[in-house]
Structure formats: structure tokens, C-alpha cells
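See structure below.
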Ligand code: DGL
């Protein structure tokens, strides 16, 4: 048994890296749907269908828990799958399994509040401005605006779509070109707000791979909320509460892609910290 990780491409490796460090004994199976990446510009129903197929594949391969290491899938598909599909699928599998996303832990980290906590009525609307850099699909879902407003009305959330970044990162674009693109998105957001954000969420797992470029483009010292860290913290707590899930103990790491098998680009391997090759998903 294992932990399944899913993303449209290499972005979820940022979450995988944090989870592997936190749970070195667990068995991990990573699935990248590179045949259909990027997800960010796809209609919602397609994202739901693709995410369901990926989760089913990971469960069939022995995952007890599937972590959607993708904001777009977490924002658009997670609730639908948990409500409409998972209960029946658990029955057909005959073992307990679950699907978790990465937005809840990110919002907990951004608000400093547990998911079950609600807004303190004494909180004034006095904006602390939070920028969310994400795919077009995640920004359109408004999940960060909606969920943060329920808990912390004193935080004003501004979403900034960055549609060029996922294809550039997947394609191994030069760092200098990525830097220009990131500077453009930061400038767009700054212009729209009227000033730079006070803090920012890198709300697409691919962007963690180039977190340094966001740090350079934002005013010095702007705090970034890191999803991989937040997800690792949340998953550790979840596993302590849910001992019914078997996450393996052999420290296995497998990497599957629906796209072209082979070594990942140099930027991705440098981020991962060593050679990294994906096998064709069976
Ligand atoms: N890493 C995915 C995310 O966090 C990228 C989605 C895409 O393929 O556009 O949203």
C-alpha cells in the first residue's frame, strides 16, 4: 500500500519532495497526467473527469490515500469526487481509501486558523493584502477568496492568473524567460491592487519550482506561504488521526506519467535534488 500523489505534470513534485522528507518510510507513487497538461485552461468538467481517472488509477495501483498535489484539481474536482464518486468506489474496492487536497492546508497556513474555526465577529475589515498566483482555473474558482473570507474577513485576497508558467516549466524554459514572465504577473497584480501584496500564496504547485523568481519579483521580504510545507504538516496530523490507512513502510518511490516516459528537464531534476525519470503509466 502507498500514498498516491497526483498532478497534471511536474508541479506536484514540490509537494512530493516535502512529503518524502517528512515520511521517508512511506511508499509513494506519483502520477503526472502530462498527456493532458496543462489543466489550468480546461473546462471544469474535463478537470473533474481527468482527476477521477487519475485517482482511480492510483487506487488500483495500491494507494490508500491520494493527495491531489494540484490546486486546479483540488479547487475544481475534489469536493465533487468526495461527494459523488468516492463512496461508491470505496465499496467496489472493499478497503478504506480517501482523497485529500492541498487547498485546505494552504488556507489554514494563510489564516492561522483550523479549518473548522469560523470568523471572529470582532475582526475589522482592515485589509492585510494576500496575493494568490495560480492557474486561470484556480483563480476562476475563487476558492481562496471564498474560503479565506469565511475565516478572516480582515484578509483581502487578490488572485493573479499566470497562464504561461505551467507550459514553460513543463517545457524546461530558460530561467531568464521565466523570470520575465513572473515579473510581468507580479507587475499586473501590483497594478490591479494599487500596491504590492503584503503576503503571497504560490497557488500552483509548479510555481514552487521557481519560488526564487517570485521572491525576486516581489518586494524584498514579502512572506510566501508554501503549500508543500503546509501539506506535509496537515498530512502528518491526518495520518496520526487515521491509522486505518496503510501507507507502506518500504520507502518505495515510483513516478508515472501518462505522457512521454524519460528523464525530467534539468530545472526539475535540480529542484528534486537528483536524477529523476518518469515511467510510462501502465
Ligand atoms: N500544478 C497544477 C496546479 O497546482 C497545475 C495545473 C495545470 O496543469 O495548469 O494547479
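Residue numbers (the numbering used here): 4 to 285.
For each residue, glycine too, the CB sits at the ideal point set by N, CA and C.
Small disclaimer: the values here were computed from a predicted structure and weren't measured.
| Item | Value |
| --- | --- |
| For the ligand DGL, is there a heavy atom less than 7 Å away from the beta-carbon of residue 234? | no |
| Give every residue of the same chain whose Cβ lies closer than 6 Å to the Cβ of residue 262, excluding the five residues on either side of it in the sequence, and list them in chain order. | 37 and 38 |
| Throw me the rounded Cβ distance for the residue 12 and residue 229 pair, which I believe falls under 8 Å. | That belief does not hold up - the Cβ atoms of residue 12 and residue 229 are roughly 19 Å apart, past 8 Å. |
| Could you check whether the stretch 242-259 touches the stretch 21-37, counting it as contact only if at least three pairs of C-beta atoms, one from each stretch, sit closer than 8 Å? | yes |
| I'd like to know whether the C-beta atoms of residue 114 and residue 43 end up nearer to each other than 8 Å. | no |
| Which first and last residues belong to the beta strand (DSSP E) in which residue 68 is found? | 66-71 |
| For residue 165, is the beta carbon positioned less than 7 Å from some heavy atom of the ligand DGL? | no |
| Measuring only the C-alpha atoms, how far is residue 280 from residue 197? | 44 Å |
| Please name the residue in 83, 202, 211 and 235 whose C-alpha comes closest to that of residue 222. | 202 |
| For the stretch 172-184 and the stretch 267-285, state whether three or more C-beta atom pairs, one from each stretch, are separated by less than 8 Å. | yes |
| Please classify residue 91: does DSSP put it in a helix, a strand, or coil? | helix |
| Kindly indicate the opening and closing residues of the alpha helix (DSSP H) around residue 164. | Segment 158-164 is the beta strand (DSSP E) holding residue 164; no alpha helix (DSSP H) there. |
| Give me whichever residues DSSP pairs with residue 135 in a beta bridge. | 162 and 204 |
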